[in-house]
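Chains as they are written, first to last, in full-length UniProt numbering: chain A, 1 to 156; chain B, 1 to 156. Where is the CB? At the ideal position from N, CA and C, for every residue including glycine.
Number of protein chains: 2
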Amino acid sequence: MTTETVNQINEEILNSPFLQELVRQIRAQDSYGFYRNWSNELLVKPYVISKEAKRKISVEGDVDPVTKARIMSFYRAIAAQIEQETGLISQVVIDLSHEGFGWALIFSGRLLLVARTLRDAQRFGFDSLEKLLAEGEKMTQKGIELAQKYTEVAKV
Amino acid sequence: MTTETVNQINEEILNSPFLQELVRQIRAQDSYGFYRNWSNELLVKPYVISKEAKRKISVEGDVDPVTKARIMSFYRAIAAQIEQETGLISQVVIDLSHEGFGWALIFSGRLLLVARTLRDAQRFGFDSLEKLLAEGEKMTQKGIELAQKYTEVAKV
Numbered sequence: 001m002t003t004e005t006v007n008q009i010n011e012e013i014l015n016s017p018f019l020q021e022l023v024r025q026i027r028a029q030d031s032y033g034f035y036r037n038w039s040n041e042l043l044v045k046p047y048v049i050s051k052e053a054k055r056k057i058s059v060e061g062d063v064d065p066v067t068k069a070r071i072m073s074f075y076r077a078i079a080a081q082i083e084q085e086t087g088l089i090s091q092v093v094i095d096l097s098h099e100g101f102g103w104a105l106i107f108s109g110r111l112l113l114v115a116r117t118l119r120d121a122q123r124f125g126f127d128s129l130e131k132l133l134a135e136g137e138k139m140t141q142k143g144i145e146l147a148q149k150y151t152e153v154a155k156v
Numbered sequence: 001m002t003t004e005t006v007n008q009i010n011e012e013i014l015n016s017p018f019l020q021e022l023v024r025q026i027r028a029q030d031s032y033g034f035y036r037n038w039s040n041e042l043l044v045k046p047y048v049i050s051k052e053a054k055r056k057i058s059v060e061g062d063v064d065p066v067t068k069a070r071i072m073s074f075y076r077a078i079a080a081q082i083e084q085e086t087g088l089i090s091q092v093v094i095d096l097s098h099e100g101f102g103w104a105l106i107f108s109g110r111l112l113l114v115a116r117t118l119r120d121a122q123r124f125g126f127d128s129l130e131k132l133l134a135e136g137e138k139m140t141q142k143g144i145e146l147a148q149k150y151t152e153v154a155k156v
């Protein structure tokens with residue numbers, strides 16, 4: 001692929017509803033306007049971490065706050081996308097132990113729309129923007145299906 | 001009430017299935033045998049905190065690990081009681097922010113059996129053993145009802 005084609009693909013991914021929502025979630029957390037002049041591409045860049053780079057991140061000790069915020073924004077974007085489709089307001093809970101293990105949960109009423117175990121959360125990231133988009137869309141889709149199938153439980 | 005009557009009531013409460021389970025959960029966490037020679041009554045005593053005593057506990061800063069473990073044992077006891085009744089294995093997640101706010105969640109499959117917001121978790125406790133028992137039993141009962149009503153969701 002030429003650089004131009006790569007750029008074009010990235011552009012398409014960045015314009016996808018999921019990535020747009022992710023950017024919105026990141027900017028929503030940016031109370032001090034630190035990222036105000038950053039492009040969307042730059043904002044989502046830290047989500048892409050190569051396998052080699054991952055291996056270099058230590059999994060000893062706490063997950064640092066920036067990584068935690070990144071995980072939160074990712075799951076908040078999924079929650080927002082599910083809400084847009086189903087109208088269900090949901091709650092996002094990221095529970096991480098000191099060793100980087102834990103849960104990412106999105107629930108509405110008594111229904112868990114997303115329930116993911118996290119491990120080595122210090123290394124949270126995706127091989128590429130495509131992978132990030134695919135994962136986000138997959139979880140969103142699954143959540144929507146559950147919400148439609150068990151609407152009653154989501155409204156308890 | 002005479003001291004004797006009070007003791008008799010406490011004895012009855014301590015022998016209730018919920019309190020017995022709570023004691024079991026506390027002892028299960030006691031890897032170093034620190035509580036081995038403690039009576040059950042002594043073990044559950046820290047769950048009873050008077051309103052005045054609560055007010056004296058600072059809600060600034062982190063919830064201390066001992067209080068966190070106490071909250072965990074309480075919700076694990078509820079999960080175990082629900083399991084005994086319904087056969088559903090569940091997961092307990094206690095998510096606390098640094099300010100003592102957060103969630104206590106018990107879920108099985110995609111069904112939330114218990115979903116409680118926590119606030120001022122530094123002050124977690126009950127007015128009396130009776131109240132502790134009543135709260136524990138109430139949440140257990142509610143969880144069982146949900147599990148029976150939405151069994152399919154709990155088995156997703």
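Secondary structure of residue 73 of chain B (DSSP, three-state): helix. Annotation for residue 53 of chain A: the continuous alpha helix (DSSP H) segment containing it runs 51–56.
Interface with chain B (7 angstroms Cβ-Cβ cutoff): residue 110 of chain A is included. Listed along chain B are 93, 95, 102, 103 and 105, each with a C-beta nearer than 9 angstroms to that of residue 93 of chain A. Secondary structure of residue 94 of chain B (DSSP, three-state): strand.
Going by DSSP, residue 89 of chain B is part of no beta strand (DSSP E) at all; its letter is neither H nor E. Among the residues facing chain B, residue 63 of chain A is not included, as its CB has no counterpart in that chain under 7 angstroms away. Sequence-distant partners of residue 59 of chain B (beyond 5 residues in either direction) whose C-beta falls short of 6 angstroms from its own C-beta, in its chain, are 100, 120 and 122.
Straight across, the Cα-Cα distance linking residue 149 of chain A with residue 80 of chain B is about 28 angstroms. In the DSSP assignment, residue 116 of chain B is bridged to B/104.
Cβ proximity to chain A below 9 angstroms picks out nothing from the segment 74–88 of chain B. For residue 99 of chain B, there is no enclosing alpha helix (DSSP H), as DSSP marks it with neither H nor E. By the 16-neighbour rule on beta-carbons within 10 angstroms, residue 19 of chain B is buried. In this structure, residue 93 of chain A sits near residue 95 of chain B, with a CB-CB distance shorter than 7 angstroms. The segment 136–152 of chain B makes contact with the segment 68–78 of chain B, as at least three CB pairs between them are under 8 angstroms. Listed as beta-bridge partners of residue 66 of chain A by DSSP are no residues whatsoever. Contact with chain A is found for residue 153 of chain B, since one of that chain's Cβ atoms lies less than 7 angstroms from the residue's Cβ. Under the 8 angstroms Cβ criterion, the segment 97–111 of chain A does not count as touching the segment 5–17 of chain A, having fewer than three qualifying pairs. Annotated three-state conformation of residue 124 of chain A is coil, per DSSP. Under the 10 Å beta carbon count, residue 125 of chain B is surrounded by 16 or more other beta carbons and is classified as buried. The alpha carbon of residue 52 of chain A has as its nearest neighbour, out of A/127, A/146 and A/141, the alpha carbon of A/127. The alpha carbon of residue 116 of chain B has as its nearest neighbour, out of B/142, B/35, B/131 and B/89, the alpha carbon of B/142. Neighbours of residue 35 of chain A across chain B, judged by C-beta separation under 8 angstroms, do not exist; the nearest C-beta is about 23 angstroms away.
Across the segment 117–150 of chain B, CB contacts with chain A closer than 8 angstroms involve 146 and 150, in sequence order along the chain. Setting aside the 5 residues that flank it on each side, residue 73 of chain B is surrounded in the same chain by 22, 25, 26 and 29, each with a C-beta closer than 8 angstroms to its C-beta; the list follows chain order. Of the candidates A/153, A/69, A/113 and A/110, the residue whose Cα lies closest to the Cα of residue 31 of chain A is A/69. DSSP places residue 40 of chain A inside the alpha helix (DSSP H), whose first and last residues are 40–44. Residue 36 of chain A is classed as exposed because its beta carbon has fewer than 16 other beta carbons within 10 Å across all chains shown.
Chain-order list of chain B residues neighbouring residue 115 of chain A: 91, 107, 109 and 110, by C-beta distance under 9 angstroms. Membership of residue 155 of chain B in any alpha helix (DSSP H) is not indicated, and neither H nor E is assigned to it by DSSP.
Using a Cβ distance threshold of 7 angstroms, residue 105 of chain A and residue 154 of chain A do not count as a contacting pair.
Within a 10 Å sphere around the beta-carbon of residue 109 of chain B sit 16 or more other beta-carbons, which makes this residue buried.
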